[in-house]
């Protein structure tokens with residue numbers, strides 16, 4: 001099987017419980033097994049995490065109930081430690097951390113984690129229901145392997161393992177490990193996070209082994225001989241590394257005793273021996289190891305769950321202090337010396353590089369970076385798995401290793417959506433890019449035919465993906481927490497093979513700000529975030545798509561843009577001028593509009609017919625109320641979309657979706673609130689990111705992939721900031737901004753401040769004041785003036801009314 005799968009099934013032995021009851025005979029058997037495993041103790045130690053370790057007579061520990069160890073003579077310590085090389089190129093900030101329990105057991109006793117009745121019940125039920133048809137569970141890995149080679153034999157393996165704490169959910173785990181193998185015999189040590197097994201999300205050490213029909217995980221059955229009074233298997237590593245912060249590690253050795261032949265596991269601190277697997281447990285490993293592996297692995301169940309994060313949850317390409325690492329990779333040769341393997345003899349293995357990757361650790365000549373965020377890794381590699389099925393079938397014997405262990409333990413306990421039609425009106429006034437896109441979903445009283453109903457249902461299935469959790473806001477919006485890799489964006493034909501970017505590679509540098517002192521941000525996102533690995537997508541209703549269908553049907557290919565008015569400031573295109581982003585502070589207002597109207601404030605970038613627009617809007621027909629919400633819209637040729645009503649935008653933030661409510665809004669003559677909206681081009685990927693400010697820092701929301709655009713694939717040529725309104729042909733125009741004219745001043749009229757553009761050197765700069773154009777199409781309804789409290793903003797808005805006449 002793949003290397004770290006040794007652990008996966010062993011762990012799964014204790015992670016799945018059934019609902020059926022046990023007969024009295026089975027209850028008695030469970031009690032018997034608990035008596036075997038939980039020996040009389042001299043003292044018990046309870047950790048802060050609730051684990052109980054019993055201090056048991058070293059000669060009466062569970063290992064010696066194993067049939068092969070009945071006459072075993074205990075080895076109190078290794079014969080001697082092999083001489084090892086010291087890597088002088090380790091990352092300087094990394095600190096070794098392996099302190100074991102807070103207190104040790106009394107002399108002559110060793111700590112053994114107490115086994116609970118539930119552990120054995122889970123094991124019993126899982127084996128009873130699964131063992132006869134057991135297959136390997138879904139599993140992914142990013143490893144570096146020293147493969148078997150004729151004449152090559154190894155007496156041990158070692159490495160420094162960076163300590164991380166990936167957040168996983170029930171029925172999953174994530175691990176980092178060292179493994180030795182010879183034939184079907186395997187030993188594996190390292191750390192893991194396994195909430196189902198341990199009841200929490202902490203990082204613990206572990207040890208696992210298999211040999212033919214025998215094997216075990218930690219101390220859940222017999223085999224491993226515990227020797228250290230402080231460092232048991234499965235103690236908590238509570239000093240974990242921080243992203244771009246302090247790094248911690250633990251060094252593990254698996255080494256064959258030169259006299260007795262037992263396989264010892266040792267930690268770095270004072271070269272502390274933990275214990276050993278006796279030589280007599282093994283057949284192939286009774287001699288030497290032939291294959292060594294170092295790396296990370298994850299497990300999840302078969303119930304369509306997203307795969308958990310590996311390592312730090314960040315890709316190897318992010319580098320040291322961001323991605324997890326394994327360093328000082330060594331092996332013990334037949335002369336009992338620790339040496340570094342030849343770099344060219346090592347093989348990198350990553351089965352799903354879309355989810356987990358492996359790279360060299362540039363800070364060291366003897367290590368590597370590994371890991372990734374996980375996600376929907378099974379479906380994304382399905383075709384490749386089918387192609388490799390025959391090869392895997394040939395390895396069936398190796399895949400059966402862990403089911404055999406379980407048997408032993410049973411004996412001993414539109415392709416795009418509806419927003420991309422050519423009638424959208426791509427050449428309307430700048431902010432109207434949003435208006436028509438929005439109103440695709442806002443007007444209709446006609447019913448749909450049965451064929452159309454079927455089409456609507458199909459569209460809803462595309463847009464409303466299976467979710468892990470749903471969040472209902474106070475306004476009644478429902479946001480579904482969807483696997484980040486299954487969000488609607490990736491159904492877009494141009495994004496079928498898109499590699500997701502989890503965060504911007506960098507943010508443009510910013511100058512000092514000169515905000516009006518009383519202004520406060522109210523961009524705090526949803527009241528709660530989605531679980532790790534999922535993102536919030538606003539649930540689309542059937543009515544939304546019915547309205548869209550009817551409007552598209554009625555409008556026709558030659559439909560004219562709807563009536564629209566605006567008050568804006570424009571940085572027009574100019575030869576040789578290219579912009580990598582635009583940003584501004586948008587004063588949050590709540591203009592009261594009626595059905596079939598909306599009012600908005602926005603930041604917009606354009607190049608040719610490609611447009612991206614972000615900001616806030618009030619749209620009662622679309623949202624069902626008069627609250628102020630964020631939005632994002634885009635067009636590119638014949639394609640385009642509003643928020644998440646069709647495909648394109650890639651949501652990455654777990655708390656800040658498109659379409660969340662901005663509350664509170666500013667008060668006339670009183671407290672003022674704002675949201676900062678930035679659109680900027682990523683320097684590496686070329687994607688166009690949307691970012692907001694929360695109470696502390698700049699928050700990336702998500703991005704429009706570069707591949708969606710033609711003109712905007714390189715840079716923007718024109719930038720616009722301002723406000724806009726829409727109404728149908730028979731109604732007065734709604735208020736814009738606060739509903740008051742610009743000349744009423746700050747705290748009464750709405751404002752846009754901190755107008756910025758990102759230049760080609762990736763810096764936010766203020767545009768030249770003289771290069772900006774004021775533009776208000778109906779000044780009797782809406783006006784625009786300078787904001788005297790700031791050198792980089794303006795006031796805008798008005799009450800609206802009968803603006804057409």
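In full-length UniProt numbering, the protein residues as written are 1 to 805.
From the three backbone atoms N, C-alpha and C, an ideal C-beta is built for every residue, glycine too.
Note that the coordinates shown come from a computational prediction; the quantities given were computed from them, not determined experimentally.
A contact is defined here as three or more CB-CB pairs under 8 Å, and the region 753 to 767 meets this definition with respect to the region 789 to 797.
Residue 278 and residue 62 have their alpha carbons spaced roughly 13 Å apart.
Under DSSP, residue 542 takes part in no beta bridge, so it has no partner. In this structure residue 143 touches residue 295 by the C-beta definition: roughly 3 Å separates them, less than 8 Å. With a minimum length of 3 residues, the unbroken runs of beta strand (DSSP E) contained wholly in the region 32 to 64 fall at 43 to 46 and 52 to 57. For residue 367, the number of other beta carbons within 10 angstroms of its own is at least 16, and it is reported as buried. Taking 9 Å as the cut-off, the Cβ atoms of residue 753 and residue 566 do not count as close. Per the DSSP secondary-structure output, residue 724 pairs in a beta bridge with 566 and 600.
For residue 208, the closest C-alpha among the options 223, 166 and 227 is that of 223. By the neighbour-count definition (other C-beta atoms within 10 Å, threshold 16), residue 330 is a buried residue. Residue state for residue 140 is assigned as strand, using DSSP reduced to three classes.
In this model, residue 284 and residue 321 are separated by some 39 Å (Cα to Cα).
Taking 9 Å as the cut-off, the Cβ atoms of residue 484 and residue 534 count as close. Here residue 692 is bridged, per DSSP, to 677 and 699. Taking C-beta atoms under 8 Å as the contact rule, residue 643 and residue 538 qualify, at a distance of about 7 Å. At least 9 Å separates the beta-carbon of residue 487 from that of residue 614.
9 Å or more divides the Cβ of residue 174 from the Cβ of residue 373. The alpha carbon of residue 314 has as its nearest neighbour, out of 334, 244, 691 and 365, the alpha carbon of 244. Between residue 161 and residue 38, the CB-CB gap reaches or exceeds 9 Å.
With a cutoff of 9 Å on beta-carbon distance, residue 715 and residue 681 are scored as near each other. Within the same chain, Cβ atoms closer than 6 Å to the Cβ of residue 520 are found at 673, the five residues on either side in sequence being excluded. In the assembly as shown, residue 226 is a buried residue. Its beta-carbon has 16 or more other beta-carbons within 10 Å.
Residue 296 is bridged by DSSP to 142 and 176. For residue 708, no beta strand (DSSP E) segment is defined, and its DSSP state is neither H nor E.
Ranked by Cα distance from residue 275, the options 289, 252, 340 and 334 are led by 252. Closest in C-alpha terms to residue 145, from the list 66, 29, 290 and 782, comes 290.
In the structure shown, residue 278 adopts coil according to DSSP, grouped into three states. Taking a C-beta distance under 9 Å as the contact criterion, residue 170 and residue 112 do not qualify as a contact pair. When the beta-carbon positions are compared, residue 742 and residue 801 stay at least 9 Å from each other. Of the candidates 503, 280 and 172, the residue whose Cα lies closest to the Cα of residue 705 is 503. Here residue 77 is not bridged, per DSSP, to any residue. Three or more beta-carbon pairs drawn from the region 592 to 611 and the region 718 to 729 are found closer than 8 Å, and the two stretches are therefore classed as touching.
Residue 663 sits in coil when the DSSP states are folded into three classes, being neither helix nor strand. Of the candidates 246, 339 and 318, the residue whose Cα lies closest to the Cα of residue 358 is 318. One thing to note: residue 665 has its Cβ no nearer than 9 Å to the Cβ of residue 592. As computed with DSSP, residue 718 is found in a beta bridge with 606.
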